[in-house]
Amino acid sequence: MNTKTITSPILVTGATGYIASWVIKQLLEQGHSVHATVRDLNKKASFQHLEKIAAHSEGELRLFKANLLDEGSFDEAMQGCEVVIHMASPFLVTNFKDPIKDLVDPALKGTINVLNSVNRTASVKRVVVTSSIASTYGDAIDILKTKYNSFDESHWNTTSSAEHQPYYYSKVAAERKAWQMQQAQNRWELVCINPSLVIGPSLTPSTQSGSVEVLQQFGNGMTRFGVPQMWNGLVDVRDVAEAHLKAAFEPNAKGRYIINAKSLTLLEMGQALRDYFGNKYPFPTMHAPKFLFKLMGPLIGHSRKYVELNVGYPIYFNAQKSIDELGMQYRDVETSLVEHFQQLIDDGIVKKRG
Ligand code: NAP
1 MNTKTITSPI LVTGATGYIA SWVIKQLLEQ GHSVHATVRD LNKKASFQHL EKIAAHSEGE
61 LRLFKANLLD EGSFDEAMQG CEVVIHMASP FLVTNFKDPI KDLVDPALKG TINVLNSVNR
121 TASVKRVVVT SSIASTYGDA IDILKTKYNS FDESHWNTTS SAEHQPYYYS KVAAERKAWQ
181 MQQAQNRWEL VCINPSLVIG PSLTPSTQSG SVEVLQQFGN GMTRFGVPQM WNGLVDVRDV
241 AEAHLKAAFE PNAKGRYIIN AKSLTLLEMG QALRDYFGNK YPFPTMHAPK FLFKLMGPLI
301 GHSRKYVELN VGYPIYFNAQ KSIDELGMQY RDVETSLVEH FQQLIDDGIV KKRG
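For the sequence shown, UniProt numbering assigns the number 1 to the initial residue and increments by one for each residue that follows.
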């Protein structure tokens, strides 16, 4: 499979999303024709940025309405596509009410629904599923069980559930199901992309992605009195988009790929922002003690169990397979953080100061 030889349209699900928008931009700029699914064709504000990009690109964009929870919803958009990139899935950190309804059902039932359409659509030869590092581990403490002090593609999250780490559970359940459905047939290949926390400029101010939720906390005072000692794997959104295109077109792409540049603590993320923006914003200056965060956690959506198993354990991710097989070269994430925060200010999502 080679990007230049694929002339059939590429299907991208969840086209309004933060990462999907970059994937679609890169596809259109490379001259591909894109079938993009959105939940609501009347919410023009959520996809007008894509129409603008398409107007100035070589590739053609067609929008289709599809919902993860409606059976057969993706059939029409998939017609004639050789490659399907399935990205639609809720990424909510604390912003949800019912973990099953808001996270697990759309992720798992949605993946089954999309792959049932793939099974019905003879033209599809490869499916790229956007999974996450969340399907390689459940809690930071799991790092203690790894041989080389990093998570890699051989690791699976075996501890998350709808009650504990539901977003993580939604991702691992969906990825496992995708592999199971792929192995039950022999027409289409599956490649999974497992990014760490994605940061960097967004093409759309209307995304509800958890990536924005995390960065917003650095601007709204939530982190002013200290942050828990927690590490995040980080990667730029443009690199994640590029990884999807490579997974779609690279003939030898195979299996899962961790997509990650490097790990930083929340305090180091705050420091990178302070280095650029100075003291105008309430960036954190210290670590909050674990016992305090355990006490306060439930008030901001984190259970005591979550705090116990995740605070104080450095986590690292090994993205060597993506470098060796996909040729990934990762951007500097401190710059991505600054660019992203600046954009949240420009879009009015973080209040401008001074
Ligand atoms: P996002 O901007 O919130 O995008 C999520 C997309 O899923 C939106 O287009 C949304 O459509 C769609 N969606 C949600 N529920 C749906 C439903 N019932 N039917 C149809 N579409 C639905 O989030 P993102 O950060 O770009 O995430 C995209 C993918 O990357 C997800 O699979 C996520 O798990 C994965 N991922 C993200 C990160 C990260 O740090 N951002 C890291 C690892 C993996 P609407 O516009 O209609 O809501």
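Glycine included, every Cβ here is placed at the ideal spot set by N, Cα and C.
Within the DSSP secondary-structure output, L92 pairs in no beta bridge. Shown here for S33: same chain residues with a beta carbon closer than 6 angstroms to its own, the five before and five after excluded, namely P9, G59 and E60 in chain order. The beta carbon of Q26 lies closer than 7 angstroms to those of A241, E242 and L245 in the same chain, with the five residues before and after it left out. Taking one beta carbon from each stretch, the segment 186-194 and the segment 124-141 have 3 or more pairs nearer than 8 angstroms; the two touch. Short of 6 angstroms from the beta carbon of V93, and not among the five residues preceding or following it, lie these beta carbons of its own chain, in chain order: G210 and E213.
Not one heavy atom of the ligand NAP falls within 7 angstroms of the beta-carbon of R62. Rounded to the nearest angstrom, the gap between the Cα atoms of L295 and F341 is 29 angstroms.
Taking C-beta atoms as the reference points, T159 and Y18 fail to come closer than 8 angstroms.
For Y257, the beta-bridge partners assigned by DSSP are I193.
Setting aside the 5 residues that flank it on each side, T111 is surrounded in the same chain by A174, K177 and A178, each with a C-beta closer than 6 angstroms to its C-beta; the list follows chain order.
Residue pairing of H86 in beta bridges, as defined by DSSP: T13 and V129. Secondary structure at D236: strand, using DSSP grouped into helix, strand and coil.
F151 is bridged by DSSP to F317. If the five residues before and after R256 are omitted, its C-beta is found closer than 6 angstroms to the C-beta atoms of E153, C192 and N194, all from its own chain and listed in chain order. Its chain contains no residue whose beta carbon lies nearer than 6 angstroms to that of F277 once the 5 sequence neighbours on both sides are disregarded. Secondary structure note for H49: it is in no beta strand (DSSP E), and the uninterrupted alpha helix (DSSP H) holding it is Q48 to A55.
A Cβ-Cβ contact shorter than 8 angstroms links V227 with G270. One thing to note: F91 has its Cβ no nearer than 8 angstroms to the Cβ of F317.
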